[in-house]
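Below is one structure, written out as structure tokens; comments come after it.
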Amino acid sequence: MNVLFLTLVKIETLQQRSIYHDLMREFSNHGHNLYIVSPTERREKQKSTIKTEGSAKFLNVRTLNIQKTNFIEKGLSTISIEKLFLRAIKKKFSDVKFDLILYSTPPITFTNLIKYFRERDNAKTYLLLKDIFPQNAVDMKFISKKGMIYRYFRNKEKDLYNISDKIGCMSKANADYVLNHNPYIPNNKVEINPNSIEIQPFNDVSNEDEEKIKAKYKIPDNRKIFIYGGSLGKPQGIEFLLQTLEAKKNDERLFFIIVGSGTEYNKIENWVNINNPQNTILLSALPKSDYDLLIRVCNVGLIFLHKDFTIPNYPSRLLSYLEFKMPIIAATDNNTDIGTDIMNNGCGISVYSDDINQMTEAINSLIEMAPEKFEEMRQKSWDFLVNDFKVEDSYQKIINIK
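Right, here's the structure in full:
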């Protein structure tokens, strides 16, 4: 089967690991021909390129900056990227008839591109819904629900749902939201298809390796290490993250590691420079191989979401915590079900992302937890991963599209 995959995550090889790399590798392992189209952003100062790796072809199309840029450039890029992708696919894959078109949000502006190949090739279409836009921008007060920008993108969103044969949602709350707010969508078009990864065998880090990693990042011994890794922007509710760091800055029983990048990074950096906490380090985004080494010496994973979200986000960073058997504290809005899932699976604690008392109590409870109880929670994290987030399961749902 010839599979066209459209994504904003730059993919140049199947040798790396992420929810999209792992899914594409699963398709490749089953003998499908892959045509993966992703951007090369303006800041990279590179031309569009194409390369081949086994049964996969990677077309990286030069675009404006999309990720980690200001809202105006992000909007212009979101609008222009469809034409750039369509032109490049027609030019580079002119002789290919696609059987399946697979695409993820963001963006929601691939509608005409998908329509073109769907009608030309009679291809099946599958949407991996990772982002509900433009409502998330309304929640963050980037745009008004009464404005022309909202109406433009809302119409694009409706078109995207209409041309998708199947919509794979990250969780039950996501699926319910889509159906409740888009009553024209048939129930059987929507299914739960979570973020998923290729699960690797788990091995505890050796004492020698743990010492090396801690020495590299100046992480003290004999403390519970809490890590937040991922985007550092307004959607993550950085103000509450800072409240948490402030509330626990004198607690010598723990150590915070904040690693990532985003529009709010400087705000965290300023707080660290002013307060000079002895139990917190801030690191810029690391290559995944380095991050995976760092996380092996950590004990608890942190998830932060802005309290004002009405859409049910489900951050993929959950999986990186689960695959290293880490209990989790999720500080979220009241609409996502990620915290409920964590609690129901016995692998962490859910708090409201505006209640610092709840947050400090959750941190204290994990610091003070009996070792055997903490180990039990670690095992439940692993069980949650294996039971709910295997890439093989995602692949089977997509391949069985009707």
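With the UniProt record's numbering as the guide, the letters of the sequence shown map in order to residues 1 to 402. For every residue, glycine included, the Cβ atom is placed at its ideal position computed from N, Cα and C.
Between the segment 301-320 and the segment 273-280, the count of C-beta pairs closer than 8 Å stays below three; the two stretches do not touch.
Cβ-Cβ separation between Tyr35 and Lys10: approximately 15 Å, too far for a contact (criterion under 8 Å). In this structure the segment 134-146 does not touch the segment 186-198; the number of beta carbon pairs closer than 8 Å is below three.
Lys380 places its beta carbon less than 7 Å from that of Asn345.
Around the Cβ of His21, a 10 Å sphere holds 16 or more other Cβ atoms; the residue is buried. With respect to Asn60, Thr49 sits close: the two C-beta atoms are nearer than 7 Å.
Put simply, the segment 193-208 touches the segment 14-28. At least three CB pairs are less than 8 Å apart. Taking 8 Å as the upper bound for CB-CB distance, Leu254 and Lys248 are in contact here, some 6 Å apart. The continuous beta strand (DSSP E) containing Asn2 extends over residues Asn2 to Leu6. Taken atom to atom, the span from the alpha-carbon of Asn203 to that of Phe324 is near 9 Å.
Residue pairing by DSSP places Val178 in no beta bridge whatsoever. Per DSSP, reduced to three states, the secondary structure at Ala56 is strand. Residue pairing by DSSP places Arg154 opposite no residue, since no beta bridge is assigned to it.
For Ser231, the enclosing beta strand (DSSP E) has its first and last residue at Lys224 to Ser231. By DSSP's assignment, Cys298 forms no beta bridge with any residue. Rounded to whole angstroms, the separation of the alpha carbons of Asn29 and Glu264 is 39 Å.
Counting every other CB atom within 10 Å of its CB across the protein chains shown gives Glu119 a total below 16, marking it as exposed.
Here Ile338 is near Tyr314, since their CB atoms are less than 7 Å apart.
The C-beta distance from Gly262 to Gly233 rounds to 4 Å, short enough to fall under 8 Å. Taking a 10 Å sphere around the C-beta of Lys212, we find fewer than 16 other C-beta atoms and assign the residue as exposed. By the C-beta density criterion, Gln200 is exposed, having fewer than 16 other C-beta atoms within 10 angstroms. Taking the CA atoms as reference points, Leu245 sits about 34 Å from Lys145. Tyr228 is not a Cβ neighbour of Pro312, given a cutoff of 7 Å. In the DSSP assignment, Phe384 falls within the unbroken alpha helix (DSSP H) covering Pro371 to Asp388.
Lys97 carries a coil assignment under DSSP once its states are collapsed to helix, strand and coil. In the DSSP assignment, Ala247 falls within the alpha helix (DSSP H) that extends over Ile238 to Ala247. For Leu282, the enclosing beta strand (DSSP E) stretches over residues Thr280 to Ser284. Taken through DSSP and simplified to helix, strand or coil, Val9 comes out as coil.
According to DSSP, Val61 shares a beta bridge with Pro39.
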